[in-house]
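**Student:** Protein chains in written order, with this note's numbering: chain S, 18 to 231; chain A, 18 to 231.
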DNA sequence: ACATCAATAACTCAATTGAGTCATTTTACC
DNA sequence: GGTAAAATGACTCAATTGAGTTATTGATGT
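#1: May I ask you to verify whether the segment 72-80 of chain A touches the segment 27-38 of chain A, counting CB pairs closer than 8 Å and requiring at least 3?
#2: Taking a cut of 9 Å between CB atoms, which residues from the segment 51-74 of chain A lie near chain S?
#3: Would you call residue 109 of chain A buried or exposed, if buried means 16 or more other Cβ atoms sit within 10 Å of its Cβ?
#4: If contact means a Cβ-Cβ distance below 9 Å, which residues of the segment 201-225 of chain S contact chain A?
#5: Under 8 Å between C-beta atoms, does residue 129 of chain S make it to chain A?
#6: Just grab the DSSP bridge partners of residue 121 of chain A for me.
#7: If you follow the alpha helix (DSSP H) that residue 86 of chain A is part of, which residue opens it and which one closes it?
#8: List the residues that DSSP assigns as beta-bridge partners of residue 220 of chain A.
#9: Any beta-carbon of chain S closer than 8 Å to the one on residue 19 of chain A?
#10: Say whether chain A places a C-beta atom closer than 8 Å to the C-beta of residue 176 of chain S.
#11: Are the C-beta of residue 78 of chain A and some C-beta of chain S separated by less than 8 Å?
#12: Could one say the Cβ of residue 147 of chain A lies closer than 8 Å to chain S's Cβ atoms, at least one of them?
#13: Can you find a CB in chain S that lies within less than 8 Å of the CB of residue 38 of chain A?
#14: Cα separation between residue 224 of chain A and residue 181 of chain A?
#15: What would DSSP say about residue 49 of chain S, mapped onto helix, strand or coil?
#16: With distances taken from CA atoms, which of A:41, A:39, A:48, A:89 is nearest residue 61 of chain A?
#17: Distance check for residue 120 of chain S and residue 134 of chain S, CA to CA, integer angstroms please.
#18: Give me the Cβ distance between residue 207 of chain A and residue 177 of chain A, rounded to the nearest whole Å; I'm assuming they're in contact under 8 Å.
#19: So the candidates are S:37, S:80, S:140; which of them puts its Cα closest to the Cα of residue 97 of chain S?
#20: Applying a beta-carbon distance threshold of less than 8 Å, which residues of chain S neighbour residue 181 of chain A?
#21: Which stretch, first to last residue, makes up the beta strand (DSSP E) that contains residue 74 of chain S?
#22: In this structure, what does DSSP give as the bridge partners for residue 27 of chain A?
#23: Where does residue 36 of chain A sit, in a helix, a strand or coil, going by DSSP?
#24: Over the uninterrupted alpha helix (DSSP H) stretch that includes residue 133 of chain A, give me the two end residues.
#25: Nearest-angstrom Cα distance between residue 213 of chain S and residue 194 of chain S?
#26: Under 8 Å Cβ-Cβ, which residues of chain A neighbour residue 82 of chain S?
#27: Step through the CB atoms of chain S and report whether any lies within less than 8 Å of the CB of residue 151 of chain A.
#28: Tell me which residue opens and which closes the alpha helix (DSSP H) that residue 182 of chain S is part of.
#29: Along the alpha helix (DSSP H) that carries residue 211 of chain S, what are the first and last residues, could you check?
#30: I need the straight-line Cα distance from residue 161 of chain A to residue 229 of chain A, nearest angstrom please.
#31: Taking a Cβ distance cut-off of 7 Å, strictly less, list which residues of the segment 134-145 of chain S are near chain A, in chain order.
#32: Run down chain S in chain order and give the residues with a C-beta less than 9 Å from the C-beta of residue 185 of chain A.
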């Protein structure tokens, strides 16, 4: 069905045992050939091999896997990068995928699924374990909702919007055709209602709680 | 390895042929039992069966699959919903997942993977084909914008993070064990690099350009 | 060895902000 | 008609911030 093109795979992983394990897993199939294995990004960058898929440990000594994604893609733009890690927390997933990773695997993933993931990545998919996928979905699902009401008046919302835009009180006064002192009063009331005590706190809250759109 | 609990599966799919196909796929394994099959959401709601996983067509006559997710979850809150569709465009994926779908499969997915997906969904995963996963990632990668580099140093990013948290200069100094004056210097440099001239502008930029996570 | 940059620290001065209090007018609701 | 909230405006005072300047140290790179 799929064309059995031979896929060149590189590995960057500091754990020698696990790296060797991966190499032997790859050697069980004629579809894969390991063209490079390194213990750190720095080593790999010295002479980076042309390849189709890179298995990249997220937790490396020196430059971390996630930090290195951009540089590695620069070395070999067509290459797909599959992150591997023992950590499956939201932040790691989110950051690696945002940084340009093409897939994500937990290290406990069984060998056959690792091979399937390499093939998926090479053919344009984004392999993730279902649990990692769930985390990703949850992460950006949560960023949408929650709409707590702080009962700001219309005028106050208007002023808060300008705070977020970075205007100072004098500029807001001019823009809304009211006096400087009135702006200061509104700002004070906004602080009370949001339970904060500075502009930056108000701005962060306004954005993160979607009181104003950023 | 996993406890072979028998999973009760329902199907809502207007294409009779495909629905029958699913039923026979399910019958090939003793792990699954089909407890209901319907041609529309309306029909299903008349007498909705208690089940573990619902296979839900996204493109149904009458109320669409995505629109019905909330109502169906209300009928049976513990149930996991796996969407099925021939359409694999961003909007369908995004909307269904936001609406509370627990997984997503293209109809061309081979039978064994469908069974695996049902099991994944039932055990808390989010089954998606790698291609659908890719689309999801792409979707929210683009919405998380243009990773413009402002070349902030590590220390500056650290300070910027505290600005976003709403700390004043004196609090930042205490927290990072450096002098108040040093904090002010870092803040000044941050302003220069971000091309802004106030805390609120820096905070807004930091959040909206994802320089720090909010 | 030299240049560059990051991180640290200190100083000034003017502007802005945070907090508190008070007052007037309009709108809205019962 | 009275009350409550919202919008407006003004005043003070202390604290924080923005801007400019200067300087030392350590790390990096050529």
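In this text, a Cβ means the ideal position worked out from N, Cα and C, and glycines have one as well. Since the model is a prediction, treat every value here as computed from it, not as a measurement.
**Tutor:** Looking at the atomic coordinates:
#1: yes
#2: none
#3: buried
#4: 213, 214, 215, 216, 217, 218, 219, 220, 221, 222, 224, 225
#5: No, residue 129 of chain S does not count as interfacial toward chain A.
#6: By DSSP's assignment, residue 121 of chain A forms a beta bridge with A:100, A:145.
#7: 82-92
#8: None, per the DSSP bridge assignment.
#9: In this predicted model, residue 19 of chain A has a pLDDT of only 48, less than 50, meaning its place in the structure is not dependable; the value taken from the coordinates is given anyway. No, residue 19 of chain A lies away from the interface with chain S (no Cβ there is under 8 Å from its Cβ).
#10: no
#11: no
#12: yes
#13: no
#14: 8 Å
#15: Strand, per DSSP.
#16: A:89
#17: If you draw a straight line from the Cα of residue 134 of chain S to the Cα of residue 120 of chain S, it comes to about 8 Å.
#18: 6 Å
#19: S:140
#20: The contact set of residue 181 of chain A on chain S, defined by CB atoms closer than 8 Å, consists of 217, 221 in chain order.
#21: It spans 70-74 - the beta strand (DSSP E) in which residue 74 of chain S sits, taken as one unbroken run.
#22: A:53, A:71
#23: helix
#24: 128-139
#25: 26 Å
#26: The contacting residues do not exist; residue 82 of chain S stays about 17 Å from chain A at best.
#27: yes
#28: Per DSSP, residue 182 of chain S belongs to no alpha helix (DSSP H) and is neither H nor E.
#29: 197-211
#30: For residue 161 of chain A, the pLDDT reaches just 48, beneath the cut-off of 50, and the residue's location in the model is therefore unreliable, leaving the point undetermined.
#31: 137, 141, 142, 143, 144, 145
#32: 215, 217
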